[in-house]
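Visitor: Heads up: the sequence shown begins at 1 in full-length UniProt numbering, then just goes up one per residue. Each residue gets a CB set at the ideal place from its N, CA and C atoms; glycine is no exception. Below is the structure I would like to discuss, written out as structure tokens.
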Amino acid sequence: MAHGAGELTIAGMEPFSACDWPGHLSAVVFLQGCPWKCTYCHNVSILDPRAPGQVTWAAVRDLLSARRGLLDAVVFSGGEPTRQAGLVDAARQVRAMGFAVGLHTAGAYPRRLAEVLPHVDWVGLDIKAPVGKYSAVTGLANSADPAFISLQRVLDAGVAVQVRTTLDPMILNADDVEQIRETVTSMGVTDYVVQEVRTDGTSEVFVENLTRFRRAHPVEPLS
Ligand code: SF4
1 MAHGAGELTI AGMEPFSACD WPGHLSAVVF LQGCPWKCTY CHNVSILDPR APGQVTWAAV
61 RDLLSARRGL LDAVVFSGGE PTRQAGLVDA ARQVRAMGFA VGLHTAGAYP RRLAEVLPHV
121 DWVGLDIKAP VGKYSAVTGL ANSADPAFIS LQRVLDAGVA VQVRTTLDPM ILNADDVEQI
181 RETVTSMGVT DYVVQEVRTD GTSEVFVENL TRFRRAHPVE PLS
């Protein structure tokens, strides 16, 4: 049975963003739920898949109708947006309204990603670590497999992609980042960025651990 966008559980919406898709003025729709628990997750309240939605799909459509000419894109983010089946219809509807479609994903659901890719213009895909360190970041065994399958699907589909790694210095070092860069470059990625970890919105435990780590290692591996 096809799932409609009206079934989406939407945690929130940012009506105007210039940074979630480089070069685009976007509205950002945050979809509730993620199967992973990354050490540095910036919004732990968005992870629970059973939490109720805060914004209706009708409200998203109303905002887009009101912003025609002011926005050029919608970015679906999360959480992990590919967790929800209604994403495919939502992306289709956004395109039909005349907006480009961006997608932030960590690649946890390659099959759903493949379904939505024909309706997506750009993907920001997290590759979180070299394979051997993936679960240390995500808290879940074998999470590298779907992430790399997802990246291959995006490349096969010919959709523009930026691959990003958030550097948790407690887990990753400069060699790890180079290994990721070499791996994704050899797969065909031309846009790879490393993001410094931020503490806003992260768990108290993470902030405490990172503060302690930075005191003990005043010069971080990549600085
Ligand atoms: S994949 Fe993203 S939303 Fe999910 S736990 Fe990791 S950082 Fe948070």
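(1) With a threshold of 7 Å, establish whether the CB of A106 neighbours any heavy atom of the ligand SF4.
(2) Can you find a heavy atom of the ligand SF4 that lies under 7 Å from the Cβ of K37?
(3) Taking contact to mean 3 or more Cβ pairs, one atom from each stretch, closer than 8 Å, check whether the segment 156-168 and the segment 194-209 are in contact.
(4) Taking A91 as the reference, which of R83, V101, A85 has the closest Cα?
(5) Mapping DSSP to helix, strand and coil, what is S26?
(6) Assuming A5 contacts W57 under a Cβ cut-off of 8 Å, what Cβ separation, rounded to an integer in Å, is found between them?
(7) Measure the alpha-carbon distance for N142 versus K128 and round it to whole angstroms.
(8) R83 and G33: beta carbons closer than 8 Å?
(9) What does the Cβ neighbour count give for D62, buried or exposed, with the cut at 16 atoms within 10 Å?
(10) When the Cα atoms are used, what is the spatial distance from S17 to D72?
(11) If we count the other Cβ atoms within 10 Å of its Cβ and call it buried at 16 or more, is R198 buried or exposed?
(12) Evaluate A216 with the Cβ neighbour count: other Cβ atoms within 10 Å of its Cβ, from every protein chain shown; 16 or more gives buried, anything less gives exposed.
(13) Based on the DSSP output, what are the partners of Y134 in its beta bridges?
(14) Cutting at 6 Å between CB atoms, please list the residues of its own chain near K37, excluding the five before and the five after it.
(15) Between C19 and the rest of its own chain, which residues show a CB-CB distance below 6 Å, the 5 nearest in sequence each way excluded?
(16) May I ask whether a heavy atom of the ligand SF4 can be found less than 7 Å away from the beta carbon of T138?
(17) Going straight from the alpha carbon of G188 to that of E182, what length do you get?
Guide: The relevant details are as follows:
(1) Sequence index remark: in the sequence shown, residue 106 carries index 106 (1-based). For the ligand SF4, at least one heavy atom lies less than 7 Å from the Cβ of A106.
(2) Residue 37 sits at position 37 when you count from the first residue of the sequence shown. Yes, the Cβ of K37 comes within 7 Å of a heavy atom of the ligand SF4.
(3) yes
(4) Against the sequence shown, residue 91 aligns to sequence position 91. The shortest Cα separation from A91 among R83, V101, A85 belongs to V101.
(5) In the sequence shown, counting from the first residue as 1, residue 26 sits at position 26. Reduced to three states, the DSSP call for S26 is strand.
(6) Mapped onto the sequence shown, residue 5 falls at position 5. Mapped onto the sequence shown, residue 57 falls at position 57. Correct: roughly 5 Å between the Cβ atoms.
(7) Reading the sequence shown from its first residue, position 142 is the one you call residue 142. Reading the sequence shown from its first residue, position 128 is the one you call residue 128. A direct Cα-to-Cα measurement between N142 and K128 gives close to 12 Å.
(8) In the sequence shown, counting from the first residue as 1, residue 83 sits at position 83. In the sequence shown, counting from the first residue as 1, residue 33 sits at position 33. It is a contact, given that the beta carbons lie within the stated cut-off.
(9) One-based indexing of the sequence shown puts residue 62 at position 62. The residue is exposed, with fewer than 16 neighbouring Cβ atoms inside 10 Å.
(10) Looking up residue 17 in the sequence shown gives position 17. Looking up residue 72 in the sequence shown gives position 72. Taking the straight line joining both Cα atoms gives about 11 Å.
(11) Position 198 of the sequence shown, counted from the start, is the residue given in the question as residue 198. So R198 ends up on the exposed side.
(12) Your numbering for residue 216 matches position 216 in the sequence shown. Classification of A216: exposed, given that the 10 Å Cβ count is below 16.
(13) By one-based count along the sequence shown, residue 134 stands at place 134. DSSP, once it has assigned bridges, lists no residue as partnering Y134.
(14) Looking up residue 37 in the sequence shown gives position 37. Only G139 meet the Cβ criterion.
(15) The count along the sequence shown starts at 1 and reaches residue 19 at position 19. Result list for C19: empty, nothing under 6 Å.
(16) Reading the sequence shown from its first residue, position 138 is the one you call residue 138. True, at least one ligand heavy atom lies under 7 Å from that Cβ.
(17) In the sequence shown, counting from the first residue as 1, residue 188 sits at position 188. In the sequence shown, counting from the first residue as 1, residue 182 sits at position 182. Spanning the two alpha carbons is a distance of roughly 10 Å.
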